[in-house]
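Numbering (the working numbering), first residue to last: 1 to 508.
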Ligand code: MV4
């Protein structure tokens, strides 16, 4: 088994990986930038090393520095989490080249295949995988683009080969738009990725985005673990994910799962991966791309399968065989994840970092919170503002929704703005409750009643409970310690809290 894992990430995912290490009896090593020296992942790891200034290019993306720390502390593996270096084939290769440090993820070769959308489409074409109709090579001229577009039929989508996440993507509704769209897509791709290769696909209007989790060991065993419905997103940022998808029945799940396994095999894939599909209104599904990392939304799959994906990633990297077969994978219940961001809903959901002055976290039946923050922590502006993921689980979708709505009422964050109100709105929405969602859902919801905000009374109640609890604690604390009623640091949190708390003085 591995002995010491360096976690090349920060925030909630670093904490998640450290937890898995602890359960496996593996030592964990955190790395941190200047602004993260008191971050939760640093406090939780067995060891922690500074790696540079806040700018990610100098710290969490600094391959040489990270490998130097790994060698220095004697780590025998690196877990990259998601984002940062997680899909960087050069990093995976640099780890492999050390012969002493195992990259917890697929081979560099598999990452390279999926890193180029045209290369991936060529490989999938060879393997007979159903993908969105279009070209599998870069476009050479406007002339050629016109010919292909006419053949597949408008509307078409221009995409960057090096892309992903919507960059360099252009919807083209008719031939006369093609020239300017091609030029725009090319220059955007060149600027964003240093590679202007662009290809064409048939456009699928208002598709669902459904992805299939796969797991492959290094002995040729590959299984699928069910799908996640990820259609609720905004500007290519996922906001809420659930498993299973409300539109996927057992037969469709098996067909999608078997395609996903073939995709993984065709790429020589090992470890955890996700095969993304676009699903049209007739429930036809098409391979879109494969993400060669553990994903943010992995907990919903963990909850409906009862598996620990990070534990399995580590075991696979250590050379173990998958401990179960496809027929052993059973899906039970329903899970929904809310990505809690430090964002300002009144300023177009712009990042809103700062100090968390008060934090009340939910718990209870069917509630999981994967958090990277604590009360008193200052969220830096330098990275993705994801604070935590709140996941609700139930026997069915309706129970998962009820529990999540209850948990959102228990959650109280003060000091910074968050997108929590958005989840109250989504979870209370009729269409969401009916499972009527596609990739256009959230924009439509936000446009429908732009200033209609869910009543915040529950949040106000939670604030009162938080203030009362803090006040009660402060009083009890001062009585036991000082005996003279001297107010402690807790009591100084805010005099308005004391005003609110005055009515429960009878309790003490
Ligand atoms: C598409 C599409 C429609 N037709 N491709 C957006 C991100 C990139 N990874 C793929 N994307 C899309 N590709 C064809 N041929 C619509 C999207 C799309 C989308 C996909 C997944 C999740 C959200 C999305 C939001 C808008 C557009």
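The C-beta atom is built at its ideal place from N, Cα and C for all residues, glycine as well.
Just so we're clear, the structure is a prediction, and the values are computed from it rather than from any experiment.
inquiry  = On the criterion of 16 or more Cβ atoms from any shown chain inside 10 Å, does residue 281 qualify as buried, or is it exposed?
reply    = The residue in question, residue 281, is exposed, as its Cβ has fewer than 16 Cβ neighbours within 10 Å.
key: Limits of the unbroken beta strand (DSSP E) element including residue 370   = Boundaries of the beta strand (DSSP E) harbouring residue 370: 367 to 371, taken from the DSSP string.
Heavy atom of ligand 1 within 7 angstroms of residue 201 beta-carbon = Yes.
ask   = What are the uninterrupted segments assigned as beta strand (DSSP E) that are 3 or more residues long and contained completely in the segment 378 to 459, given in chain order?
value = Segments of the beta strand (DSSP E) lying fully in the segment 378 to 459: 386 to 394, 412 to 414.
ask   = Going by beta carbon distance, what residues of the same chain come within less than 6 angstroms of residue 185, once the five residues before and after it are set aside?
value = 158, 168, 170, 198.
request  = In the DSSP assignment, find the unbroken beta strand (DSSP E) run with residue 173 in it and report its ends.
outcome  = From DSSP, residue 173 is part of no beta strand (DSSP E); its letter is neither H nor E.
task = Within the same chain, show all residues whose beta-carbon is closer than 7 angstroms to that of residue 118, passing over the 5 residues directly before and after it, in chain order.
result = Excluding residues within five positions, the ones whose Cβ falls inside 7 angstroms are 136, 137, 138, 161, 197, 199.
Cβ shell of residue 292 (< 6 angstroms), same chain only, five flanking positions each side left out = Around residue 292, the same chain offers 87, 106, 111, 114, 273 as residues with beta carbons nearer than 6 angstroms, after the five sequence neighbours per side are excluded.
inquiry  = I need the straight-line Cα distance from residue 20 to residue 445, nearest angstrom please.
reply    = Pairing residue 20 with residue 445, the inter-Cα distance amounts to about 37 angstroms.
inquiry  = Nearest by alpha-carbon distance to residue 398: which of 419, 427, 177 is it?
reply    = Minimum Cα distance to residue 398 is reached at 427.
task = For the beta strand (DSSP E) containing residue 51, list its first residue and its last residue.
result = For residue 51, the uninterrupted beta strand (DSSP E) segment begins and ends at 47 to 52.
ask   = What do you reckon, is the C-beta of residue 273 under 7 angstroms from a heavy atom of ligand 1?
value = Shortest gap from the CB of residue 273 to any heavy atom of ligand 1: 7 angstroms or more.
query = When every heavy atom of ligand 1 is checked, does at least one fall within less than 7 angstroms of the C-beta of residue 211?
reply = For ligand 1, not one heavy atom lies less than 7 angstroms from the Cβ of residue 211.
ask   = Is residue 202 near residue 153, with beta carbons less than 8 angstroms apart?
value = In this structure, residue 153 lies closer than 8 angstroms to residue 202 by Cβ.
Classification of residue 16 by the beta-carbon crowding that lies within 10 angstroms, buried from 16 upward = Buried, since its Cβ has 16 or more Cβ neighbours within 10 Å.
message = I need the boundaries of the beta strand (DSSP E) containing residue 208, first residue and last residue.
response = Taken as a continuous stretch (DSSP letters only), the beta strand (DSSP E) holding residue 208 covers 208 to 216.
inquiry  = Taking the beta carbon of residue 553 as the centre, do at least 16 other beta carbons fall within 10 Å, making it buried, or is it exposed?
reply    = The requested residue 553 is not part of the displayed model; the chain covers only 1 to 508.
request  = Report yes if the CB atom of residue 212 is closer than 8 angstroms to the CB atom of residue 277, and no otherwise.
outcome  = Closer than 8 angstroms, so yes.
inquiry  = Suppose you measure from the CA of residue 330 to the CA of residue 303; what does that come to, to the nearest Å?
reply    = A direct Cα-to-Cα measurement between residue 330 and residue 303 gives close to 11 angstroms.
Residue 204 CB to nearest heavy atom of ligand 1 below 7 angstroms = Placement of the Cβ of residue 204 at a distance of less than 7 angstroms from at least one heavy atom of ligand 1 is found.
request  = With a threshold of 7 angstroms, establish whether the CB of residue 114 neighbours any heavy atom of ligand 1.
outcome  = Result no, Cβ not under 7 angstroms from ligand 1.
ask   = Where does the unbroken beta strand (DSSP E) through residue 159 begin, and where does it stop?
value = According to the DSSP assignment, residue 159 belongs to the beta strand (DSSP E) that extends over 156 to 160.
ask   = Cβ of residue 7 within 8 angstroms of Cβ of residue 81?
value = Cβ distance < 8 angstroms, so residue 7 and residue 81 count as in contact.
ask   = Within 7 angstroms: the Cβ of residue 288 and any heavy atom of ligand 1?
value = Answer for residue 288: yes, Cβ within range of ligand 1.
query = Is residue 130 near ligand 1, with its Cβ less than 7 angstroms from a heavy atom?
reply = In terms of side-chain proximity, the C-beta atom of residue 130 is found no nearer than 7 angstroms to any non-hydrogen atom of ligand 1.
Simplified DSSP state of residue 237, which is helix, strand or coil = The answer is strand: DSSP assigns residue 237 an E or B state.
inquiry  = Taking 8 angstroms as the threshold (C-beta atoms), are residue 104 and residue 271 in contact?
reply    = For residue 271 and residue 104, yes; Cβs fall inside 8 angstroms.
inquiry  = On a Cα-Cα basis, can you pick out the residue from 195, 321, 78 that is closest to residue 99?
reply    = The shortest C-alpha to C-alpha distance from residue 99 to any of 195, 321, 78 is the one to 78.
task = Output the distance between the C-alpha atoms of residue 22 and residue 29, rounded to the nearest integer angstrom.
result = Cα atoms of residue 22 and residue 29: separation of roughly 11 angstroms, rounded to the nearest angstrom.
message = Check whether chain C comes within 8 angstroms of residue 157, counting only Cβ atoms and requiring the distance to be less than that.
response = The structure shown contains no chain C; it holds only a single protein chain.
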